[in-house]
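Each protein sequence line maps, in turn, to chains A and B. Each residue of the first sequence is one higher than the one before, counting from 1 in the UniProt record's numbering. Each residue of the second sequence is one higher than the one before, counting from 1 in the UniProt record's numbering. Backbone N, C-alpha and C define an ideal beta-carbon position, used for all residues, glycine too.
2 protein chains.
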Amino acid sequence: MDEMQALDALGALSQETRLRIVRLLVTAGPDGMAAGAIGEAMGATSSRLSFHLTHLEHAGLVQSRREGRSIRYSAAYDALSGLIAFLMRDCCQGHPAVCTPAVAALAACACPSPEPPK
Amino acid sequence: MDEMQALDALGALSQETRLRIVRLLVTAGPDGMAAGAIGEAMGATSSRLSFHLTHLEHAGLVQSRREGRSIRYSAAYDALSGLIAFLMRDCCQGHPAVCTPAVAALAACACPSPEPPK
DNA sequence: CTTTCATCTCAACACATCTTGAGACATTAA
DNA sequence: TTAATGTCTCAAGATGTGTTGAGATGAAAG
């Protein structure tokens with residue numbers, strides 16, 4: 001991810017409705033959700049929702065596919081991890097004061113670590 | 001870091017000038033840089049620079065202290081790591097597809113890992 | 001083909017953001 | 001005090017963003 005993509009992604013995520021959409025789609029899994037279901041969960045009108053979904057798609061953070069009458073949106077996991085990696089690489093140059101606590105916080109969350117302790 | 005702080009931080013970073021200022025200040029170290037030196041590095045007028053620095057300070061991403069005639073700005077490392085941790089926790093709930101590659105990308109960068117292999 | 005359903009597109013408006021230039025404020029030196 | 005330096009504040013204008021409502025499009029059912 002280059003700087004321009006990162007700026008787009010950051011801008012897309014810096015809006016309450018869009019951040020919540022991404023959160024919803026990440027937890028929804030790779031199959032994603034139909035636009036209607038997202039709108040219901042967000043309490044958004046169809047045109048408002050369409051505006052934000054288009055914005056997120058242009059920023060590369062979600063992807064869409066038609067399925068019958070509805071359109072399913074799903075999180076672009078690679079773009080999200082790319083953004084986080086960009087922030088860490090960009091911030092961490094010689095300064096682990098940023099990355100070390102961030103990774104430590106991740107270890108304390110429910111996610112499996114890169115090397116699961118199985 | 002809660003959602004509102006994260007939105008502020010994401011919005012602050014989603015602007016080219018401000019993202020570059022943060023990058024500059026992170027690499028400048030804890031002592032930071034005087035506003036004038038930042039402006040020179042960015043090629044920005046004093047009022048434009050002041051606008052962006054104030055924006056970043058309100059978002060909690062930088063801090064300032066007066067030093068003689070000049071004002072030194074420095075990166076708020078804790079806020080930056082807090083933002084990254086927020087993104088990972090928020091994105092990673094049950095979905096290591098985001099966090100695992102991000103942490104792996106970090107390991108490939110010049111930064112010391114949380115458990116240095118010394 | 002017509003209807004229905006799901007979603008998108010468009011124009012309009014309000015509001016926020018970024019940039020600029022002029023000037024104010026605070027700090028130091030003469 | 002006066003002058004010089006470094007930075008901030010303010011108002012104005014251009015541009016960008018988010019919301020709404022009305023209507024268009026596309027897909028499936030009758």
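Check: Contacts around S46 of chain A, its chain only, beta-carbon distance under 7 Å, and the 5 residues preceding and following it disregarded; Outcome: G39
Check: Outcome for G43 of chain A when other beta-carbon atoms lying within 10 angstroms are tallied against a minimum of 16; Outcome: exposed
Check: Residue closest to G32 of chain B, alpha-carbon to alpha-carbon, out of B:S70, B:H58, B:H55, B:A104; Outcome: B:S70
Check: S14 of chain A, enclosing alpha helix (DSSP H) - first and last residue; Outcome: Where S14 of chain A is concerned, there is no enclosing alpha helix (DSSP H), given that its DSSP letter is neither H nor E.
Check: One or two residues paired with I84 of chain B in a DSSP bridge; Outcome: DSSP, once it has assigned bridges, lists no residue as partnering I84 of chain B.
Check: Beta carbon proximity, H52 of chain A to chain B, threshold 8 Å; Outcome: no
Check: Length-filtered (3 minimum) beta strand (DSSP E) runs lying within the region 25–108 of chain A; Outcome: 62–67, 70–75
Check: Whole-angstrom distance between T27 of chain A and R72 of chain A, CA atom to CA atom; Outcome: 14 Å
Check: Among A:P96, A:V103, A:G68, A:S74, nearest to A85 of chain B - alpha-carbon criterion; Outcome: A:V103
Check: Exposure of T100 of chain A, with buried meaning 16 or more beta-carbon neighbours within 10 Å; Outcome: buried
Check: Proximal residues to M88 of chain A (C-beta, below 6 Å), its chain only, five neighbours per side dropped; Outcome: C99
Check: Nearest neighbour of Q93 of chain A, chosen from B:D2, B:E3, B:Y77 [CA to CA]; Outcome: B:Y77
Check: is_contact[S14 of chain A, chain B] using C-beta, thresh 8 Å; Outcome: yes
Check: Same chain, Cβ closer than 6 Å to P116 of chain B, five either side skipped, listed in chain order; Outcome: Low confidence applies here, because P116 of chain B scores a pLDDT of 44, under 50, leaving its location unreliable; read the following figure in that light. Here the set comprises nothing.
Check: Residue-level contact to chain B via CB, G48 of chain A, 8 Å cutoff; Outcome: Here residue 48 of chain A is Arg; the residue named in the question, Gly, does not match the sequence. Judged by the 8 Å Cβ criterion, R48 of chain A is not in contact with chain B.
Check: CA-to-CA distance, H58 of chain A to H95 of chain A, given in whole angstroms; Outcome: 32 Å
Check: Other residues of its chain near D90 of chain A: CB distance less than 7 Å, five sequence neighbours each side excluded; Outcome: none
Check: C-beta contact flag for M4 of chain A and G82 of chain A at 8 Å; Outcome: no
Check: Closer than 7 Å at the beta carbon, the chain A residues around Q5 of chain B; Outcome: Result: empty, since nearest Cβ-Cβ is about 12 Å, beyond 7 Å.
Check: Neighbourhood of L25 of chain B by C-beta, 8 Å cutoff - its chain only, sequence neighbours within 5 removed; Outcome: G32, M33, I38, V62, Y73, S74, A75
Check: Short-range partners of chain B found in the region 71–100 of chain A, where Cβ spacing is below 9 Å; Outcome: A75, Y77, D78, L80, S81, G82, L83, I84, A85, F86, L87, M88, R89, D90, C91, C92, Q93, G94, H95, P96, A97, V98, C99, T100
Check: Residue closest to L7 of chain A, alpha-carbon to alpha-carbon, out of A:T17, A:A79, A:C109, A:G29; Outcome: A:A79
Check: Proximal residues to G36 of chain A (C-beta, below 7 Å), its chain only, five neighbours per side dropped; Outcome: S70
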